[in-house]
Amino acid sequence: MKKLVIASLSLGVLGLVGAPFASAADLDSKGTTGQVEFTEGKITIEDGKSTFGGGLPSNLDFGKHAIQNEADEEWSATTDGTVTTGSLNVSDKRGSSAGWTIKAKQNAQFSINSVELEAAALTIKTGDATNVGGVLPTVGAINVDKELPINADVDFFGAKVNTGAGDSHLALNEFRLAVPATSEKRMGVYKTSITWTLSDTPVN
């Protein structure tokens, strides 16, 4: 009797393993869509509150120097004894990746009472370009020493079409002023200014 019980139990298990399962059928289906909309923003040159901080310095101080005509001279702009640095920070929130251009212009030669500091040259030493939120712009004065011409626009940093969206940054690592020994120098403060202009025209 005990053997018969074991045999019938074994057969019952084998039968259970071998039985086919009925497949489930899809009775109905529905779809769900999702969307998000972004509206057009602005394109601007950002100040120190930008993603990258820094921004354009408001003043370049090349110091105080005794008048001499024996040797050429070159000085770096400083702030409280430290080399003045800055950055070009472009915020492009238009949502079109249409490109842009920044031009720089030294509006006039360094001068005092309309007398120019002849042959003085202002040079900006730049660093790397970086980007957050788009494709890195690669056109312009990147990792170079860029001398500014007098009263002439120069392409300084730019984005081609399909680049430069989001926040783009170009490091300005040093500002230098070179003055030849032969330049006439008068007592007093010589001044100039630089204008940075952003346009929505893509750089070539």
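Here the sequence shown stands for residues -24 to -1, 1 to 180, where the numbers follow mature numbering (1 follows the signal peptide of the UniProt record, and there is no 0). Positions of the beta carbon are idealized from the N, C-alpha and C atoms, including for glycine. Just so it is clear, the structure is predicted and the values come from calculations on it, not from any experiment.
Separation of K122 and V130 (C-alpha to C-alpha, rounded to the nearest whole angstrom) is 10 Å. T177 and T9 have their C-alpha atoms some 37 Å from each other. Under a 10 Å Cβ-count criterion, G134 is classified as buried, with 16 or more other Cβ atoms of the shown protein chains found around its own Cβ. The DSSP assignment places 19 to 21, 49 to 52 as complete runs of the beta strand (DSSP E) inside the segment 7 to 53, in order along the chain (cut-off: 3 residues). A straight line joining the alpha-carbon of S63 with that of T173 spans about 14 Å. Per the DSSP secondary-structure output, N65 pairs in a beta bridge with H145.
Within the same chain, P33, L36, D37, S52, A53, T54, E150, F151 come within 8 Å of T60 by CB-CB distance, once the 5 residues on both sides are set aside. By the neighbour-count definition (other C-beta atoms within 10 Å, threshold 16), F132 is a buried residue.
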